[in-house]
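Notes follow once the structure below has been shown.
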Amino acid sequence: MAGIPEAVIHEQTGLVAEPRDVVPIAEQLERLLSDEHMRHRLGVNARSAIVEQWGAEAVAEELSSVFATASNRDS
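Numbered per the working numbering, the sequence shown spans residues 514 to 588.
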């Protein structure tokens, strides 16, 4: 599950299953296929989380912080 814990919060922004474990993966897919409300909720939550973490404003703030730190080191 490399990288997944940082990107997906199980039951909030997506569904997680162990890689190569076919039965749990199939079960999670069944849940998504049969529950329109869950699909919508997970999609909305995932988009909000991505915009919050990786949107233009968040990235600009992070870069500003990096530049300020670098500038203070040179002083």
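A virtual CB, placed ideally from N, CA and C, is assigned to each residue, including glycine. A quick note: this is a predicted structure, and the numbers were derived from the prediction, not measured.
The three-state reading of DSSP puts Gly556 in helix, counting H, G and I together. With a beta-carbon spacing of about 7 Å, Leu545 and Leu528 fall inside the 8 Å limit used to define contacts. Listed in chain order, the alpha helix (DSSP H) elements of length 4 or more contained wholly in the segment 518 to 548 are 535 to 547. For Val579 and Arg586, the gap between their C-alpha atoms comes out near 11 Å.
Between the alpha carbons of Arg552 and Ala583 lies a gap of roughly 43 Å.
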